[in-house]
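Numbered per our numbering, the sequence shown spans residues 864 to 1303. The beta carbon of each residue, even a glycine, is placed where N, CA and C say it ideally should be. For clarity, every value in this text was computed on a predicted model and none was experimentally measured. Take a look at the structure set out below.
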Amino acid sequence: MLLAQIPNYYKARREALMKARPNSVFLIPSNSEVVRNSDVHYLFRQESHFRYLCGLEEPDAFLVLAPSKSLAGAFRTILFIRTKDVEKEMWQGERYGVEGALEIFGANEAYPIEELDKRLPELFSGADRVFYRLGVDPKCDARVIRALDANRASSGRSGKGLLPIEDAQTVIGEMRLYKAPEEIELHRKACQITAAAHKSVMKEVKPGMGEHEIEALIDYLFRKNGCDRVAYPTIAAGGKNATCLHYQHNNCVLKDGELLLIDAGGEYQCYAADITRTYPIGRDFTKAQANLYDLTLKSQKEAVAMTKPGVKLADIHKHVYEVLTEGLLSLGLLQGNRDEIIKNLGFKRFFPHNTSHWMGLDVHDAGLYFQNGEPRTLEPGMFFSVEPGLYVQPNDKDAPASFRNIGIRIEDDILVTQTGCENLTKDAPKEREEIVALRS
Ligand code: GLY
Ligand code: MN
Ligand code: MN
864 MLLAQIPNYY
874 KARREALMKA
884 RPNSVFLIPS
894 NSEVVRNSDV
904 HYLFRQESHF
914 RYLCGLEEPD
924 AFLVLAPSKS
934 LAGAFRTILF
944 IRTKDVEKEM
954 WQGERYGVEG
964 ALEIFGANEA
974 YPIEELDKRL
984 PELFSGADRV
994 FYRLGVDPKC
1004 DARVIRALDA
1014 NRASSGRSGK
1024 GLLPIEDAQT
1034 VIGEMRLYKA
1044 PEEIELHRKA
1054 CQITAAAHKS
1064 VMKEVKPGMG
1074 EHEIEALIDY
1084 LFRKNGCDRV
1094 AYPTIAAGGK
1104 NATCLHYQHN
1114 NCVLKDGELL
1124 LIDAGGEYQC
1134 YAADITRTYP
1144 IGRDFTKAQA
1154 NLYDLTLKSQ
1164 KEAVAMTKPG
1174 VKLADIHKHV
1184 YEVLTEGLLS
1194 LGLLQGNRDE
1204 IIKNLGFKRF
1214 FPHNTSHWMG
1224 LDVHDAGLYF
1234 QNGEPRTLEP
1244 GMFFSVEPGL
1254 YVQPNDKDAP
1264 ASFRNIGIRI
1274 EDDILVTQTG
1284 CENLTKDAPK
1294 EREEIVALRS
C-alpha cells in the first residue's frame, strides 16, 4: 500500500542539514535490491541516511540536495526514482513514480532514475563541495566521480577543479545521534514490542525446544505487534553456544541445566530495539550460573544508573569492566592484582566486547564516538545500548569446570534525558527472582 502523505519532519531534517552545510551538494543513494539466489532477492531494507532524509521505502532511488540557483540560502530537493510501469507494477507492486516523488515526498524536482547520470553534473553548479559516502558501492562511486568530472569540464577555463568530496556519514551521522521526539516515539514502540516479546518467550522456554523455535516465536511476536522485521539476526543460544558472541546457527536443542541467551530486537518503522536476556532453560540457575549472572546484572544496573548528560560512554564501560574484574577476582576466575589486570585488559578473557553502541535507524547507529580525539560526552537525546556480558569459553582450561560453557549478556536500550536517563526496555524482566518466578 502506498502512503498518501509523509510527515513534515523529513523536510525539516533536509533543511537542518543544508543550513549546517550551506553551498553543498548532498548525494544520498537508496539501497538496491540484492539477489539472494536465482530469481530471489533478500528482503528489501532501505538505506538509513536515505530513509532519514526522505522517507521513501523504494529501491533504485537517489536523493540530491543542491543549492538553489536563483535564491541565495535556499536549496533544491531532487529525487530520482523508478517510473510508474503497469507491467512491472503487476509483478512487483505499486510504485510512487515521479508524480509521487513530487506530491507525496515533497521533492522540488523529480526525474526517472535512468536520467541520473545525465542530470547530475548540472546539479553541482554553484556548490563548493559535495557530501557523499565513498567506498560503499564502487559502481555508484564511479558514477559520482564521472559526474564531478563532467561538471569540472563544463566549468571551462574558470580555474575550478574537481569539487572536494566530504564524508556524508560524518555530518548526517552527527544529526542522527540526537533523537528528535518523533524518533524517540518510534524507538519507544520498538522497545515496548521487543520487551513484551522477550517476556512472553521467557514463559514458554522448556528443555527439548529448539533454538530455532525460540527465534520463530520471538519473530512472530515482533511481527504480530507491528514491527516490520528484526533489527538484526536473532541470537537464540543455548548453553555453550552463548559463548560465541555472534552465534547465528540457532539449530541446537535446549538442555535442562543450561542457560539460554536471547539477543533479539524488532525494527519499528526502521527504528531498532536491541535486548538481550539470559535465563535458565530449566527451573533455576546453578550456583555458578547465578554467580556470573548476579555479577553481570550488578555491572549492568550500575552502568544504567550512572547514565546522565556529561558522562561518557567510556566512563560507563570503565565502570563495567572494573566491577566485572573485581567480581571475577572474588569468584576465583581471575587471579592477581586488580589494577594490573585492568591495565593489561585481563578481563577481556571473559568480557571481550564493549558495553555500548549508539542506536537508531541502525542497531549500531551512525554517530562518532570521539570528538577532537576524546571520547564524547553524553547529551539529551542520545540513545545507546548497555550490554555487559561474561563468557567462559568451553576450552578455557584455567577456569573451574563449573563455570565453563556459560555465556551471559544483559542488554537494555537507554535514552539520555535532561536530568538522567530512561530505560526504554525495562519491561523485559532481568532480576533473577523475577525470572524464576515468571517461569515456575
Ligand atoms: N545485537 C547486536 C548487539 O547487541 O550489538
Ligand atoms: Mn544485542
Ligand atoms: Mn547491542
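- VAL1255 has its alpha-carbon roughly 18 Å from the corresponding atom of ALA1099.
- Restricting attention to CYS1054, THR1097 and TYR1131, the CA atom closest to the CA of ASP1091 is found in TYR1131.
- Distances taken from the Cβ of GLU1121 to the heavy atoms of ligand 2 include none shorter than 7 Å.
- Counting only runs that start and end inside the region 958-1042, the beta strand (DSSP E) elements of at least 3 residues fall at 972-975 and 992-994.
- Within the region 1169-1203, the alpha helix (DSSP H) runs of at least 4 residues that lie entirely inside it are, in chain order, 1176-1194.
- Around the CB of GLU952, fewer than 16 other CB atoms lie within 10 Å, so the residue is classed as exposed.
- Its chain contains ARG877, LEU928, GLY969, ALA970 and ASN971 as the residues whose beta carbon lies nearer than 7 Å to that of THR940, once the 5 sequence neighbours on both sides are disregarded; these appear in chain order.
- Take GLU1294, set aside five residues on each side of it, and no residue of its chain has a beta-carbon closer than 6 Å to its own.
- Bounds of the alpha helix (DSSP H) holding PHE1085 are 1074-1087.
- With contacts defined by Cβ atoms closer than 8 Å, GLY1101 and GLU1078 do not form a contacting pair.
- Distances taken from the Cβ of HIS1220 to the heavy atoms of ligand 3 include one shorter than 7 Å.
- Note that the region 1026-1033 touches the region 991-1010; at least 3 beta-carbon pairs, one per stretch, sit closer than 8 Å.
- Here the region 1031-1048 makes contact with the region 884-897; the two share three or more CB pairs at distances below 8 Å.
- CA-to-CA, the gap between HIS1182 and LYS1175 works out to about 11 Å.
- Counting C-beta atoms within 10 angstroms of its own C-beta, ALA924 has 16 or more neighbours from the protein chains shown and is therefore classed as buried.
- When DSSP states are grouped into helix, strand and coil, ASN1104 belongs to the helix group.
- At least one heavy atom of ligand 3 lies less than 7 Å from the C-beta of SER1248.
- By the C-beta density criterion, ASN1113 is buried, having at least 16 other C-beta atoms within 10 angstroms.
- Assignment of beta-bridge partners to ASP1276 by DSSP yields SER1248.
- Taking 8 Å as the cut-off, the beta carbon of PHE1148 is found no closer than this to the beta carbon of LEU1187.
- Boundaries for TYR905: no alpha helix (DSSP H) harbours it, and the DSSP string shows neither H nor E there.
- Nearest C-alpha to ASP1225 among TYR1095, ASP1082, LEU880 and GLU1274: TYR1095.
- Residue burial is scored here from C-beta neighbours: GLN1055 has at least 16 other C-beta atoms within 10 angstroms and is therefore classed as buried.
- GLY1270 sits in a strand when the DSSP states are folded into three classes.
- Collapsing the DSSP output to three states places LEU1123 in a strand.
- In this structure ILE967 does not touch TYR974 by the C-beta definition: roughly 16 Å separates them, more than the 8 Å allowed.
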